[in-house]
Structures are given as structure tokens and as C-alpha cells.
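Numbers given in this note's numbering equal positions in the sequence shown, counted from 1, plus 78.
Here is the structure we will look at, set down as C-alpha cells.
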Amino acid sequence: MEYITLNNGIQIPATGFGVFRIPEGKDCVNAVLDAIESGHRMFDTAQGYWNESSVGEAIRISKIERQSLFLTTKIWMSRYEEADAYRSISESMEKLQTDYLDLVLLHQPVADYYSAYRALEKLYLDGKVRAIGVSNFSPAQLADLSLFHKITPAVNQIRLTPFLQEVPAEAVHRKYQVCMEAYAPLGAGDPELLTNPVLIAIGNKYGKSPAQIILRWLYQRQIITITKSTHIDRMRSNIALFDFALDAEDIGQISALNRQRDNPPAENPADYPEKMKSLMEREAYRFAK
């Protein structure tokens, strides 16, 4: 396994296993056990997935050392009030059978996410979590948190595939050293993606599947990936990414697959932070007067 270093120095596995829509109970326990057996060491769950207890039970059964794992969960929007958000992570840790978490994210940029993020900062400063971040935040929302909070998010987990490449957003993430983490990088069942002739041809060049080409392409962009499968052979395949490298021609061909309409947008997202800061300064001056 290869690792990516977050903005606070913590190392996160470059690819991990997600349990979205794997039902609580035996199915989830067995999937996590298979993922551990196949070599996965990073696991992504959420309060809103309703399966934290199954992830914790699988880890207990596996008897694998806690420090060799990287555990992520997400705070659900109904728990965004500051004290409740803080308390909810204690509940998550109890379900996951651990006394700390490696990464905690806000699940969506809705409701009072400022209060919830203050809870994340306190959890981080109290040593209960090793890194904090967000999920599904736009570049402007990410810049907002980065400018007006003490601790910059370490991760923003977003939807990202070769058809939706988020290249402009990447400029804002890099400006603030926020790592992009791709969920559903293999298209979440999109039949057109994994049968794309460009990805098949590049895969044939290296003896790899289209899925492996996508995951390697994201790794070379230093983007963390979260994959999901209940088939152990696919789990093994999804981490077999580190014995080859895409060349510039391959990357150019994959870049041409992007279908994102606002790429580039009317204004450069890298300018958002400065524009927002200037606006806030003007508003503060106006109200002070």
C-alpha cells in the first residue's frame, strides 16, 4: 500500500474500502473482513450509513492491530449542533470499538455546518481524532472554512471520475493543501465508464483493467480513492495499483474524457478565496461604521 500525506502530516492509505449501502449485520461484517484479508487498511463509513457497528465488529473479529488501520466516519446533518456533533463522535467510536478515529468528516454542507466544524476542531484539539475534513463541499465553501477557522480541513470527499474530473476545483484544494478524496471513482455502476474504449486500450497496454487504470490515474493526481465491492477478487484488484505508472500520453487521453460542463468556469475558482476575503473585509468595515 502507498500513502498520501495530509496537511497535518498524517499519512492516509492512497485507496480505501467504503461501506455505503452495505446493510448493517452479517453482509457488512463479511465484506469488511474480506477487505481486510485482501489488503485494505482504510475503511470509510458514516453515521448515516447505519453500519458503524458492523465495521467495528469486523475489525474486532479480525484481531488486526488498531494502529495499522485508518478509520473514517462522517457526522450526519441532524447532529450538526456543536455539542451534539461532539457527542455523536463518542457514540461512533463506541460502535466502531475504538478510542480514537483517524478522520472525521462533515457529511454535507447543509444546516449549521459552522457549528459542526467547531466541534470537529475541538475533537481534533482534544486528541480524539487525528484529522478532520468535509464531504461534498464546493470550492467556495471549502475556501470559506479554510479562511475563517483555526484548522484547515485535511480532506474533502467528493464525487470524481474520468467523466467528472473536477480540474478547476483542484486548484482551490491545492491552494489550501486540502486533499481530494474520490468516492464512487468507478462510476457507481455506470456501464459506460468501465467499458470506455480509451480506458480499455490503456488497460491492455499495462495488462490492467479499466478500473485499475482509473484508480491509478487518480493516485497520480494525489487523490485518495474509496471503492466498494462485496466480491473479494475485485477488492484485491482495486488495490493492485502500485506496480505500474501511466505516462503523459495516457493521462492526456484520460483528461480528454472529461464531460464536466463548467470546465473551465466563467471565473477561476482559484480566485474565490481572495474574493470572499475581500467581501468579508468590506462587510466588516461597513457594519463597523
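Cβ coordinates follow ideal geometry from the N, Cα and C atoms, glycine included.
As the structure is a computational prediction, the values presented were derived from the model and not from experiment.
Got a sec? Which residues, its chain only, sit under 6 Å from residue i by beta carbon, not counting five neighbours each side?
i, result
"Gln255", "Asn85"
"Ala109", "Ile100 and Thr308"
"Asp190", "Tyr158"
"Ala163", "Ile153, Arg157, Ala194 and Ala197"
"Ile310", "Asp112 and Ser116"
"Trp128", "Glu102"
So, residue i versus residue j, is the Cβ gap smaller than 8 Å?
i, j, result
"Ala75", "Ala232", "Absent from the model: residue 75. The displayed extent of the chain is 79 to 367, so no value can be given."
"Ala92", "Glu80", "yes"
"Val182", "Ile153", "yes"
"Arg165", "Gln125", "no"
"Phe121", "Val107", "no"
"Ala113", "Phe98", "no"
"Glu199", "Lys228", "yes"
"His251", "Ser213", "no"
On the DSSP bridge assignment, give the partners of residue i in chain order.
i, result
"Glu259", "Gln235 and Ile302"
"Gly211", "Leu183 and Val233"
"Thr150", "Asp122 and Leu181"
"Ile82", "Ile90"
"Leu242", "Thr239"
"Phe322", "Answer by DSSP bridge pairing: none, since Phe322 is not bridged."
"Gly205", "Paired residues: none, contrary to the question."
"Gly285", "Answer by DSSP bridge pairing: none, since Gly285 is not bridged."
"Phe95", "Phe121 and Thr305"
Under 7 Å Cβ to Cβ from residue i, same chain only, skipping five residues before and after it: list those, please.
i, result
"Phe215", "Pro187 and Asn234"
"Glu345", "With a pLDDT of only 46 at Glu345, under 50, the local geometry of the prediction cannot be trusted, and the value read off the model is given with reservation. Hits under 7 Å: none found."
"Pro343", "No answer about Pro343 holds up, because its pLDDT of 44 lies below 50 and its placement is not dependable."
"Lys286", "Phe322"
"Tyr284", "Phe322"
"Leu111", "Ala136, Ile139 and Ser140"
"Ala318", "Gln290"
With a threshold of 16 other CB atoms inside 10 Å of the CB of residue i, please say whether the residue is buried or exposed.
i, result
"Arg339", "exposed"
"Leu203", "exposed"
"Phe148", "buried"
"Asn282", "exposed"
"Ile139", "exposed"
"Pro217", "buried"
"Ile90", "buried"
"Lys306", "buried"
"Arg119", "buried"
"Phe320", "exposed"
"Gln290", "buried"
"Thr83", "exposed"
"Asp177", "exposed"
"Thr273", "exposed"
"Gln243", "buried"
"Glu370", "What is shown of the chain runs 79 to 367, which leaves residue 370 out entirely."
"Gly267", "exposed"
"Ala262", "buried"
"Glu143", "exposed"
"Gly211", "buried"
"Gly265", "buried"
"Leu296", "buried"
"Leu357", "Residue placement at Leu357 is poorly supported in this model, since its pLDDT is 45, which falls under 50; the coordinates are not used for a value here."
My guess is that residue i and residue j are in contact by the Cβ rule of under 8 Å, so how many angstroms apart are they, rounded?
i, j, result
"Leu293", "Thr303", "5 Å"
"Val276", "Gln331", "5 Å"
"Pro240", "Leu335", "4 Å"
"Ser116", "Arg314", "5 Å"
"Glu169", "Thr151", "Not a contact, Cβ separation roughly 10 Å."
Between which residues of its own chain and residue i is the CB-CB distance below 8 Å, once the five residues before and five after are set aside?
i, result
"Gln298", "Ala323, Leu324 and Ile329"
"Met171", "Asp177, Tyr178, Leu179 and Lys206"
"Ile278", "Pro288"
"Ser146", "Arg119"
"Ser224", "Thr230, Pro231, Tyr254, Val256 and Pro351"
Examine chain B for any beta-carbon lying closer than 8 Å to the beta-carbon of residue i, and answer yes or no.
i, result
"Lys152", "Absent from the structure is chain B; it holds one protein chain and no more."
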